[in-house]
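**Q** Dropping the structure in here first, questions after.
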Amino acid sequence: MSSDSHVSAERALGTAGIARRPVGSTESQAANIAWWDADADDYHAEHGEFIGPAEFRWCPEGPTEAEVGFLGEIAGRSVLEVGCGSAPCARWLTAQGAYAVGLDLSAGMLAHARRMNAATGIAVPLVQANGERLPFADGSFDLACSAFGAVPFVPDVGAVFAEVARVVRPGGTWTFAVTHPMRWIFPDDPGPDGLTARTSYFDRTPYVEVDAEGRATYVEHHRTLGDYISALDDAGFHLFDLVEPEWPEGHTREWGQWSPLRGRLFPGTAIFRCVR
Ligand SMILES: C[S@@+](CC[C@H](N)C(=O)[O-])C[C@H]1O[C@@H](n2cnc3c(N)ncnc32)[C@H](O)[C@@H]1O
């Protein structure tokens, strides 16, 4: 995770090193609020142009929902975007005629969402909450989606899936993109050093950045593909497609550890398409 582009957040939070240790829900939540609040400005300075003001881009490989249509018919549908950040996806959905709501844990990220709502004139409703405890009634939405929001940052992914299953009506869909689990074995490096396996794929011990007192300042959780499939099944979802977007010819834009070098060799993103 650490790179020059995160220097301000690391300085603000006093990040002193990396630990690999278990982290529960309360500590993960505190670290992620602190991290995304502190990094929100840099995140949007670095990636804002690529993600766009009202565009639905699934992942650093670049595919947009307009191109791939993973969500199917969306006009007139109610949609929950989990971990929406500045909510470009929810604004794009709204522009297509959906009733979209953006949910995120971080006030700093949601401040960017409010700013972009005003700039675009597309006023997406925004909710500050943890994806592990969704503040909506059962069956409130026709579908739910997420582009790298919430799922990688919670210790109990089953809690998020159970909550999404509760708020999506029977027959509704849940489509989410995460870092491809196989990337866990490599250092977070877009260059040649990111091509050598260093960590076991089977080691679920979270990646934790810590301050001088050992408090978590950033947390990321890993599960294998099998873990995801079991957790989705437990929550009552049927997985009907698992998309591994290939690195497009001529696409040169790096995003953190995502690069043409690595993208040519192995997947960077996994997109799970499920129905309740
Ligand atoms: C990598 S950003 C993705 C944001 C947006 N989807 C995008 O594509 O720009 C991850 C987002 O997940 C949010 N997040 C992290 N943990 C969360 C949780 N437990 N519940 C809800 N949102 C969470 C962060 O605040 C952040 O906005």
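So in the numbering used here, spot 28 of the sequence shown is number 69, and the numbers just go up one at a time. No residue lacks a Cβ here, since even glycine has one placed at the ideal position from N, Cα and C.
When you measure from the CB of residue 311 to every non-hydrogen atom of ligand 1, does any distance come out below 7 Å?
**A** In the sequence shown, residue 311 corresponds to position 270, counting from 1. Not under cutoff, so the answer is no.
**Q** Could you pull the DSSP bridge partners for residue 261 from this structure?
**A** The residue given as residue 261 occupies position 220 in the sequence shown. DSSP, once it has assigned bridges, lists 248 as partnering residue 261.
**Q** Relative to the C-alpha of residue 278, which candidate in 261, 293, 204, 109 has its C-alpha closest?
**A** Residue mapping note: residue 278 aligns to position 237 of the sequence shown, counting from 1. The option with the nearest alpha carbon to residue 278 is 204.
**Q** Under the assumption that residue 100 contacts residue 286 (Cβ atoms under 8 Å), give the Cβ distance between them as a whole number of angstroms.
**A** If you number the sequence shown from 1, residue 100 lands on position 59. If you number the sequence shown from 1, residue 286 lands on position 245. At roughly 6 Å, the Cβ-Cβ gap stays under 8 Å, so residue 100 and residue 286 are in contact.
**Q** Would the beta-carbon of residue 46 be found less than 7 Å away from any heavy atom of ligand 1?
**A** For the purposes of this step, residue 46 is taken as the residue at position 5 of the sequence shown. Residue 46: no, Cβ never under 7 Å from ligand 1.
**Q** Can you give the Cα-Cα distance for residue 293 and residue 98, rounded to whole angstroms?
**A** Numbered from its first residue, the sequence shown carries residue 293 at position 252. Numbered from its first residue, the sequence shown carries residue 98 at position 57. One C-alpha to the other measures close to 16 Å.
**Q** For the pair the stretch 247 to 258 and the stretch 65 to 79, tell me if three or more CB-CB distances fall below 8 Å.
**A** Yes, the stretch 247 to 258 touches the stretch 65 to 79.
**Q** Using the Cβ count rule (16 or more neighbours within 10 Å means buried), how would you classify residue 49?
**A** Taking the sequence shown and counting its residues from 1, one reaches residue 49 at position 8. Exposed is the call here.
**Q** Three-state secondary structure (DSSP) at residue 301?
**A** As a working mapping, residue 301 is identified with position 260 in the sequence shown. It is helical.
**Q** Would the stretch 139 to 157 and the stretch 124 to 131 be scored as touching if the rule is three or more Cβ pairs under 8 Å?
**A** Enough Cβ pairs lie closer than 8 Å, so yes.
**Q** Can the beta-carbon of residue 237 be found less than 8 Å from the beta-carbon of residue 309?
**A** Indexing the sequence shown from 1 puts residue 237 at position 196. Indexing the sequence shown from 1 puts residue 309 at position 268. No, these two residues do not count as a Cβ contact at 8 Å.
**Q** Is it true that the CB of residue 262 sits closer than 8 Å to the CB of residue 225?
**A** Residue mapping note: residue 225 aligns to position 184 of the sequence shown, counting from 1. Residue mapping note: residue 262 aligns to position 221 of the sequence shown, counting from 1. Cβ atoms of residue 225 and residue 262: not closer than 8 Å.
**Q** Taking the alpha-carbon of residue 108 as reference, which of 81, 133, 80 has the nearest alpha-carbon?
**A** What you label residue 108 is simply residue 67 of the sequence shown in a count that begins at 1. Here the closest residue by C-alpha is 133.
**Q** Under 6 Å Cβ to Cβ from residue 247, same chain only, skipping five residues before and after it: list those, please.
**A** Residue numbering aside, residue 247 sits at position 206 when the sequence shown is read from its first letter. Excluding positions up to five away in sequence, the list reads 64, 260, 262.
**Q** State buried or exposed for residue 80, treating a residue as buried only when at least 16 other CB atoms are found within 10 Å of its CB.
**A** Against the sequence shown, residue 80 aligns to sequence position 39. Answer is buried; the Cβ neighbour count reaches 16.
**Q** Could you give the first and the last residue of the continuous beta strand (DSSP E) run that contains residue 122?
**A** By 1-based counting over the sequence shown, the position of residue 122 is 81. Counting along the chain, the beta strand (DSSP E) containing residue 122 begins and ends at 119 to 123.
**Q** Who are the Cβ neighbours of residue 173 in its own chain at under 6 Å, not counting the five residues just before and after it?
**A** Here the question's residue 173 lines up with position 132 in the sequence shown. The residues are 195, 200, 201.
**Q** Could you say which of 180, 102, 72 lies nearest to residue 291 if we only look at CA atoms?
**A** Walking along the sequence shown from the start, residue 291 turns up at place 250. Checked all of 180, 102, 72; the closest Cα to residue 291 is 102.
**Q** If we count the other Cβ atoms within 10 Å of its Cβ and call it buried at 16 or more, is residue 163 buried or exposed?
**A** The residue given as residue 163 occupies position 122 in the sequence shown. Residue 163 should be labelled buried.
**Q** Quick check: the Cα distance between residue 61 and residue 269, rounded to an integer number of angstroms?
**A** Here residue 61 is taken as the residue at index 20 of the sequence shown, counted from 1. Here residue 269 is taken as the residue at index 228 of the sequence shown, counted from 1. Near 21 Å, if we compare the C-alpha coordinates of residue 269 and residue 61.
**Q** Would you mind giving the Cβ-Cβ distance between residue 118 and residue 167, rounded to the nearest angstrom? I have them listed as a contact below 8 Å.
**A** One-based indexing of the sequence shown puts residue 118 at position 77. One-based indexing of the sequence shown puts residue 167 at position 126. About 19 Å separates the two Cβ atoms, so there is no contact after all.
**Q** Please classify residue 315: does DSSP put it in a helix, a strand, or coil?
**A** Within the sequence shown, numbered from 1, the residue matching residue 315 stands at position 274. Looking at residue 315 - three-state DSSP - the assignment turns out to be strand.
**Q** Tell me whether residue 204 counts as near ligand 3, meaning its Cβ is closer than 7 Å to at least one heavy atom of that ligand.
**A** Ligand 3 is not among the ligands present in this structure, which contains only ligand 1.
**Q** Ignore the nearest five residues each way along the sequence and tell me which others in residue 193's own chain have a CB closer than 7 Å to its CB.
**A** For the purposes of this step, residue 193 is taken as residue 152 along the sequence shown, with counting starting at 1. Once the five neighbours on either side are set aside, the close Cβ partners of residue 193 are 219, 220, 261, 262.
**Q** Can you give the beta carbon distance from residue 252 to residue 54, rounded, assuming they're within the 8 Å contact cut?
**A** Here residue 252 is taken as the residue at index 211 of the sequence shown, counted from 1. Here residue 54 is taken as the residue at index 13 of the sequence shown, counted from 1. That belief holds up - the Cβ atoms of residue 252 and residue 54 are roughly 6 Å apart, short of 8 Å.
**Q** What would DSSP say about residue 242, mapped onto helix, strand or coil?
**A** On the sequence shown, residue 242 is found 201 positions in, with the first residue counted as 1. Reduced to three states, the DSSP call for residue 242 is coil.
**Q** Should residue 158 be counted as a contact of ligand 1 given a C-beta to heavy atom distance under 7 Å?
**A** By 1-based counting over the sequence shown, the position of residue 158 is 117. Not under cutoff, so the answer is no.
**Q** Is any heavy atom of ligand 1 found at a distance shorter than 7 Å from the C-beta of residue 22?
**A** Here the chain comprises residues numbered 42 to 317, so residue 22 is not present and cannot be evaluated.
**Q** Using the DSSP secondary-structure output, state which residues sit across from residue 105 in a beta bridge.
**A** Counting from 1 along the sequence shown, the entry for residue 105 is found at position 64. Looking at the DSSP assignment, residue 105 forms a beta bridge with 98.
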